[in-house]
Every structure is written in C-alpha cells, then in structure tokens.
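Chains as they are written, first to last, in this note's numbering: chain A, 737 to 1005; chain B, 151 to 391.
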C-alpha cells in the first residue's frame, strides 16, 4: 500500500516542483517504487524539471476522463529505475479534476507503488486542496522569508481542516522543508533563520536546502538536482529523503562557509 | 424566643426565557429540537419561562398547553409565563405555570443594576449562563493563519501557538499555554471580567468586552513575555504573569 505525500506551500515559486522531482527521484534511488503526480493542471512544469516533456502523450486529466488508461499516461523515468511521472494537462484548468476521479487514480496507483508524491499547485484554492486532500503526509516547502512562512502557516491550517484525514478526525503528518537557505544572509539578518521558521510553524524539520546555482542549472537541464551529487543542494535533498524514510541524519549547510586560508591569515574570522 | 426556622430574602435567579414571536406548532417543534440538540447538556433540565411580550398573535389555552407540552418533552422545566394578558394569565395558572407581571424587569445577570429588557436580551443572557456551566474548549493543535476558533459560552484553552493571522475568540477567558501571535478576543458577548493569559505575548490585537489594543501598544509591555490582559475602568491593562 502506497504512502501518499503532498508537497505544498501556499506560496508560488518557493520550490515545490523542484522538491517534488528531487524527493521522488531520491525515493526511487533508495529502491522505493515511486510515482510523482503533477497537480498543477494548466501550468504543467514537473515534466520539464524531470526532463520528460517530449514524452508526454496522455496526462492526468485524460485518465480522469477515461480517455486513456493509467498505464498509457504514466511516463517511466529514463534515469532512475522505479520512478514514474504522471504529467498534468497543459490545455485544461484545475476544474477538470474531480475528487472521485483523483481518488480512483490514487487507489489504482496505491496497489503498485510504495510512494505517491503529489506536486501541489500554488495557492489555497481548489487545485491545492485537491492535491492535499488524500495525503497522509505533507512536506511544506518554505523559503526563509515572512510571506512564505505565513502562507505555509495558512496551508498547514487547511491541511488539518480540509484533508480527508482531518475529516476523519485524524492528523496529517507534517514536515518542514526549508529551501533557498543562505546562511550568510541569515547571519546578516536579511533572512529568517531555521530557528525562526521552526518556532513560527512549530512542525518537525525535514531538511534545509541551501540556495544553490546547481538548482537552476538542474531545472534547465531537466535533471532533478538530487542527481547532482557534487552540489550541496543535491546532498541536502539526499539527507531529507533519508529522514523521510526514518533515518536520523544531522542537518548540514546551516552555517556560513569557512573563509579561505588567505582571508583567515589576514585576520578575518 | 425560638430560633428562626427560616428567613425570607430577596434573591435573583439566573434563568432563561423563551421569547415567543409567532407560533406554528410544526415549525416551533422543529426549531426547539434543533436548539436543544445544539447544546443538550446545557438545555436539558434548565428552568425556563415563557415571555409573551413580543408575541404577535393571540395566546389561548390551546397554544399554552401545547407549548408547555413541547418544552417539557425536550427536557425544559417550564415554570412560568410573563407578558400575558389577564385572560391568558388565568389560563397559565390553570396550566400550572406561575404568572409574572410584564412590567417587572426579568431576573438578569448577577450584576446589581436591573438592566432594562432590551432587544438583545435573549441572545445575551443565554451564553452568560453557559459560561458558568460549560467546560472550557481545549485546542491542542496550533491555530494557523486564516483559522478562527470560537469558544461559545465558555473559556478557551490553547495548548499550541496561535499564528499571525489567526483569531481566537471566547465568551469567557482565553488561556494560551504557548505563544500568542494572532488576535485574541475575550468576553465578546459582553463580559468585562474576561481575561487573556498567555505564555508569550506577541499578539496582533487583544480585545476584552469590545475594547481592544493593537500590536504597537502591546510592544510597550511584557512583549514576548508571559502576560495577562484584563479590563480596568474600561481600559485594557497588560501585566506580567
């Protein structure tokens, strides 16, 4: 039986799709059969980040409308064994999704997969609510700035009131994923610190992804950043996946990078 | 002289009144049942009198007997009738009800001043009774931005933070055993004695009995500290805990 995890944030542009691609790839790399679903109907992006945009024939909405089978619509990832992508439709809008249709697809996927990752659209409206409704766990992607934190707070409220588990009187398991973290800007008080965000949101920290050029590069190349094992962002996503699977891994990349030898020699600390 | 067996004293009882506006048996029955179902613990066994002061039609024996029957069937102890004409008063006595003269101000809140009956009296008196009898509402999870929690007729106890952009409202006191960052409104249906307690004060707004102060004022006292907020001479006070 698959575990359904929604990747959500409220605010747009904080790194939901990047994180969905990285985490689903990371889970598949650990031998977990994983499918990642793009719920952002009308603003299809996940296929680009995953580098499979040219292989999209049928999409999520086609399957809901029974114009295609799930097998036809699922795209097998070429790089990572055990990873599948269910792309969103670019030509439809979010009203094309129905709770019954989504539930039927999730039930069918749950028989085959270990993890179902739902990449939520931004906002708190129907599209985002649909993406989180069936989730058992939620990864809330947040940037270290006040408006992102407030939107995450809002989406956490929706998770615990409008999800299926909430309607059954249970709680969705919450994880905080802090992205675009820049320790030197935190030191200069231009950014909120991990502690600040944790204190406001009061949910367990899954990972901190440092701001990194590798992320943009990976997106443009259509290769999830977690595959870039040299980059700090890729390593930080690896750690986050380990924690998601229950391992205890210390947090990295929270401190300012040590200054070079010469600078230290010249008296800088 | 023998020791006194009894003493007769003036007292004021808190009770509820059912203000009847118009009467249609089916409709009345449904609405009454809905009302009781909304707070069965509170209503069952409660003493109640019937106020006919704003009744539009002509009350007769049949109507009165009907109402008595309906109220008793849902668990109210209907004991009296007020605002009835002399004719109906006799009917009420026959039905086993006490007749209260219309002019007398009704037994009001425990406060001394005999408040003149106003339009909002039925709405205002019910929750005040509840405050005394209903247990506090307890919220264990964080109250997030955009969420609103209302403890109707009772105190509100929060065991997790109240986020910015969240609103916690109570007819009684509000206790926050965590950080209060959002808005807290206590005693919203008229209770100047209501207070707000919090372990860490970072609120956007606090209000008691309709009086409020904002974040900029709050920052002057006990900011980010344990504090209580109460009303004194119609002005909001913030004090360290």
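All residues carry an ideal CB built from backbone N, CA and C; glycine is no exception.
Chain A within 8 Å of residue i, Cβ atoms only
i	result
residue 389/B	no
residue 179/B	no
residue 176/B	no
residue 240/B	no
residue 190/B	no
residue 133/B	A query on residue 133/B cannot be resolved here, the shown segment of chain B reaching from 151 to 391 and no further.
residue 375/B	no
residue 294/B	yes
residue 287/B	no
residue 297/B	yes
residue 243/B	no
residue 291/B	yes
Per-residue DSSP class, three states only, for residue i
i	result
residue 259/B	For residue 259/B, the predicted model reports a pLDDT of 39, less than 50, meaning its position is unreliable; a value from the coordinates is still stated below. It is coil, neither helix nor strand.
residue 788/A	coil
residue 894/A	helix
residue 239/B	helix
residue 289/B	strand
residue 971/A	helix
residue 196/B	coil
residue 965/A	coil
residue 377/B	strand
residue 869/A	helix
residue 366/B	helix
residue 910/A	strand
residue 739/A	strand
residue 318/B	strand
residue 185/B	helix
Closer than 8 Å to chain B by CB, residue i
i	result
residue 938/A	yes
residue 893/A	yes
residue 900/A	no
residue 904/A	no
residue 974/A	no
residue 957/A	no
residue 826/A	no
residue 992/A	no
residue 745/A	no
residue 971/A	no
residue 896/A	yes
Cβ-based neighbour list, residue i, same chain, cut-off 7 Å, excluding 5 preceding and 5 following
i	result
residue 222/B	228
residue 969/A	945, 946, 948, 950, 951, 961
residue 220/B	178, 179, 182
residue 972/A	943, 944, 945, 946, 988, 989
residue 992/A	919, 920, 923
residue 758/A	960, 961, 962, 973
Sequence-distant residues of the same chain with beta carbon closer than 6 Å to residue i, five excluded per side
i	result
residue 794/A	804, 808, 809
residue 262/B	Only weak support exists for where residue 262/B lies, its pLDDT of 39 falling under 50; the value from the coordinates is given anyway. The answer is none, since no qualifying residue turns up.
residue 372/B	351, 388, 390
residue 922/A	929
residue 230/B	199, 247, 248, 250
residue 201/B	167, 169, 232, 233
Residue i Cβ short of 7 Å to the ligand GTP heavy atom set
i	result
residue 954/A	Because no ligand of any kind appears in the structure shown, any question about the ligand GTP cannot be addressed here.
Residues of its chain near residue i, where Cβ-Cβ distance is below 8 Å and the 5 sequence neighbours each way are ignored
i	result
residue 364/B	354, 355
residue 817/A	764
residue 304/B	280, 281, 284, 285, 286, 287, 320, 321, 322
request  = Could you list the residues in the region 310-335 of chain B with a C-beta less than 9 Å from some C-beta on chain A, going in chain order?
outcome  = 310, 311, 313, 314, 315, 316, 328, 329, 331
request  = Decide if the region 877-895 of chain A is in contact with the region 911-922 of chain A; the criterion is three or more beta carbon pairs, one per stretch, under 8 Å apart.
outcome  = Contact holds between the region 877-895 of chain A and the region 911-922 of chain A, because three or more Cβ pairs, one in each stretch, are under 8 Å apart.
message = What are the residues in the region 351-370 of chain B lying within 8 Å of chain A by C-beta distance?
response = Listed by position along the chain: nothing, the set is empty.
key: Contact set between the region 862-894 of chain A and chain B, restricted to residues whose Cβ is under 7 Å from the partner   = 886, 889, 890, 892, 893
task = Decide yes or no for the touch test of the region 926-935 of chain A against the region 950-970 of chain A: beta carbon pairs closer than 8 Å, at least 3 of them.
result = no
inquiry  = Under 8 Å, with one C-beta from each stretch per pair, do the region 842-857 of chain A and the region 762-774 of chain A reach the 3-pair mark?
reply    = yes
message = For the structure I just gave you, are there three or more beta carbon pairs, one from the region 742-754 of chain A and one from the region 828-836 of chain A, closer than 8 Å?
response = No: fewer than three Cβ pairs fall under 8 Å.
inquiry  = At a CB distance below 7 Å, what residues from the region 203-231 of chain B approach chain A? Give them in sequence order.
reply    = Within the region 203-231 of chain B, no residue has a Cβ that lies closer than 7 Å to any Cβ of chain A.
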